[in-house]
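Colleague: The structure that follows is given in the form of structure tokens.
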Amino acid sequence: MAGQPLLTRLVAESLSEMVRRRAYTDQSELVRSAGAYSPLDFAAALRSPGLAVIAEMKQRTPSMGVLAKSYRPERLARAYSEAGASALSVLTQEASFGGSAADLRKAREVSALPILRKDFIVDPYQVLEAKALGADAVLLIAAALRERLRELLAVAREHGLAALVEVHDERETASALEAGAELIGVNHRDLNTFEVDLTLTERLRPSIPREVTVVAESGIRGREDARRMREAGADAILVGELLMRSSDPAACIRDLASA
Numbered sequence: 022m023a024g025q026p027l028l029t030r031l032v033a034e035s036l037s038e039m040v041r042r043r044a045y046t047d048q049s050e051l052v053r054s055a056g057a058y059s060p061l062d063f064a065a066a067l068r069s070p071g072l073a074v075i076a077e078m079k080q081r082t083p084s085m086g087v088l089a090k091s092y093r094p095e096r097l098a099r100a101y102s103e104a105g106a107s108a109l110s111v112l113t114q115e116a117s118f119g120g121s122a123a124d125l126r127k128a129r130e131v132s133a134l135p136i137l138r139k140d141f142i143v144d145p146y147q148v149l150e151a152k153a154l155g156a157d158a159v160l161l162i163a164a165a166l167r168e169r170l171r172e173l174l175a176v177a178r179e180h181g182l183a184a185l186v187e188v189h190d191e192r193e194t195a196s197a198l199e200a201g202a203e204l205i206g207v208n209h210r211d212l213n214t215f216e217v218d219l220t221l222t223e224r225l226r227p228s229i230p231r232e233v234t235v236v237a238e239s240g241i242r243g244r245e246d247a248r249r250m251r252e253a254g255a256d257a258i259l260v261g262e263l264l265m266r267s268s269d270p271a272a273c274i275r276d277l278a279s280a
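Here our numbering = 1-based position in the sequence shown + 21.
Below is the structure:
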């Protein structure tokens, strides 16, 4: 897969991982497991007064490498929850992020907060799997799904899950709104160049109806950036690397939430 655009490679990795899991857990079994879980209201958690913080956990990233040599999702989930995060985000992609389905399950066991499954989702099986693991929301990347975005949004709604639709430019934002997205995540990081542009939320927010919840993602380095996102009209921020590298992530969450 050398030479492929990063997003294409990440999607291919996630699909390969899904195929392996599907070999021993078929869709009918997932339907039964998913039916036993009643999702929490992820969207409502982001609409509370002030700036909501989605606290993310991940072991490594393609751009930054290893973020945590000792990675204990259950400890992070407990610490993030006690610090006042509004929701959690758990990376479950293994090949490039060091995550797993078990990480989400562990977070669910110790936290009462809504949880976003962060992965490269392009198949209904992955949505069902998310609910069966105890997720309350899934990430849908507009650039990866294109014409299938509407279909995956419908699958998420059918199973009572929220869908955070990730966009990176005006065209993707328009497509997300046309498909019926109610939660839009503006990713400041270009997945091909890794460059971060915090002006994206400032530029895209005016074109998004006020009733649509907006999450500012990536590149938020501290309280000043968080305040900037709030002033730009973001309802929430998604923060991962900053927390994973912090010696006191709980204090970091409290600081961001007060921006």
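In this text, a Cβ means the ideal position worked out from N, Cα and C, and glycines have one as well.
Do ILE229 and LEU198 have their C-beta atoms within less than 8 angstroms of each other?
Modeller: For the purposes of this step, residue 229 is identified with residue 208 of the sequence shown, where counting begins at 1. For the purposes of this step, residue 198 is identified with residue 177 of the sequence shown, where counting begins at 1. Going by C-beta atoms, ILE229 is nearer than 8 angstroms to LEU198.
Colleague: Drop a sphere of 10 angstroms on the beta-carbon of GLU187, count the other beta-carbons inside from all chains shown, and report buried for 16 or more, exposed for fewer.
Modeller: Residue mapping note: residue 187 aligns to position 166 of the sequence shown, counting from 1. GLU187 should be labelled buried.
Colleague: Near TYR146, which residues of its chain fall below 8 angstroms by C-beta distance, leaving aside the five closest residues on each side in sequence?
Modeller: Here the question's residue 146 lines up with position 125 in the sequence shown. Once the five neighbours on either side are set aside, the close Cβ partners of TYR146 are MET39, ARG43, GLN48, LEU51.
Colleague: Considering only residues of the same chain and omitting the five flanking positions on each side of GLU95, which have a CB-CB separation below 8 angstroms?
Modeller: The residue given as residue 95 occupies position 74 in the sequence shown. Around GLU95: LYS127, ALA128, GLU130, VAL131.
Colleague: For LEU97, which residues of its own chain have a beta-carbon under 7 angstroms away from its beta-carbon, when the five flanking residues on both sides are left out?
Modeller: In the sequence shown, the residue the question calls residue 97 occupies position 76. Excluding positions up to five away in sequence, the list reads MET78.
Colleague: Identify every residue that forms a DSSP beta bridge with ALA257.
Modeller: Locating residue 257 in the sequence shown gives position 236, where the first residue counts as 1. ALA257 pairs with ALA73, VAL236.
Colleague: So, using beta-carbon positions, are LEU72 and ILE258 closer together than 8 angstroms?
Modeller: As a working note, residue 72 is residue 51 in the sequence shown. As a working note, residue 258 is residue 237 in the sequence shown. Contact flag set, yes.
Colleague: Decide if the region 55–66 is in contact with the region 189–197; the criterion is three or more beta carbon pairs, one per stretch, under 8 angstroms apart.
Modeller: Touching, no.
Colleague: Give me the residue from SER196, GLU232, MET250 with the minimum Cα distance to ASP218.
Modeller: By one-based count along the sequence shown, residue 218 stands at place 197. If we check each option's Cα against that of ASP218, MET250 comes out closest.
Colleague: Which residue wins for smallest C-alpha separation from VAL235, given the options ARG41, LEU36, ALA65, ALA175?
Modeller: Your numbering for residue 235 matches position 214 in the sequence shown. The shortest CA-to-CA distance from VAL235 to any of ARG41, LEU36, ALA65, ALA175 is the one to ALA65.
Colleague: Note down, one range per segment and in chain order, each alpha helix (DSSP H) of at least 4 residues found wholly within the region 116–147.
Modeller: 122–131
Colleague: How many whole angstroms separate the CB atoms of LYS152 and LEU182, which I take to be in contact at a CB cut-off of 8 angstroms?
Modeller: Locating residue 152 in the sequence shown gives position 131, where the first residue counts as 1. Locating residue 182 in the sequence shown gives position 161, where the first residue counts as 1. Right, their Cβ atoms sit about 6 angstroms apart.
Colleague: Just how far apart, CA to CA, sit ASP140 and VAL87?
Modeller: For the purposes of this step, residue 140 is taken as the residue at position 119 of the sequence shown. For the purposes of this step, residue 87 is taken as the residue at position 66 of the sequence shown. Their Cα atoms are separated by approximately 18 angstroms.
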